[in-house]
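Going by our numbering, the first residue of the sequence shown is number 822, and it counts up by one from there.
Glycine included, C-beta positions come from ideal geometry on N, C-alpha and C.
Inspection log for the structure reproduced underneath, given as structure tokens.
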Amino acid sequence: MIRRALLLIAAFALLTSVMASAAAGDLNDDLSEVRSKISELSKLVSGQEAVRTPIVEDVLAAQALLDAAQLDLAETQSTYDLAAAATVTMQADLDAVRAELALRFAHLEGLRQELAATRAEAEAWVLDAYERGGMAEPAIAFSAP
């Protein structure tokens, strides 16, 4: 009787340990171990009707807790998988935006260089026109943008 009670306590302690180790990723192994302990406990008390009812109820309750823990684990894994997929998608979107920005900056740099060349041509044309007209300095002063 004491041995059975100790096995039951060990099974519940192991169940508590399973819940605590869920974050470490060892839940499936721990759940299998708890299931085997529960099975062992079930076999141990199966022949004794007087003791059987409360212990079997406890075993069934522990089994229900294990099933719920497995469902929670599956749901958590599914949520994690969805979050990982969303992260990959978001990273791809960010990479596409970075590439688009790089293209736009390159285009703007090309426009800036083209504007600088056009400005230099305009300044040279104005200076040439004033020199041909006999004036030393243009009346319009060019300033840097």
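- Here alanine 895 is exposed, its C-beta having fewer than 16 other C-beta atoms within 10 Å.
- DSSP, read as helix, strand or coil, puts glycine 954 in coil.
- Within 10 angstroms of the beta-carbon of leucine 862 lie 16 or more other beta-carbons, which makes it buried.
- Between the stretch 875–884 and the stretch 854–861 there are three or more inter-stretch CB-CB distances shorter than 8 Å, so the stretches are counted as touching.
- By the Cβ-count criterion, valine 909 is exposed, with fewer than 16 other Cβ atoms from all chains shown falling within 10 Å of its own Cβ.
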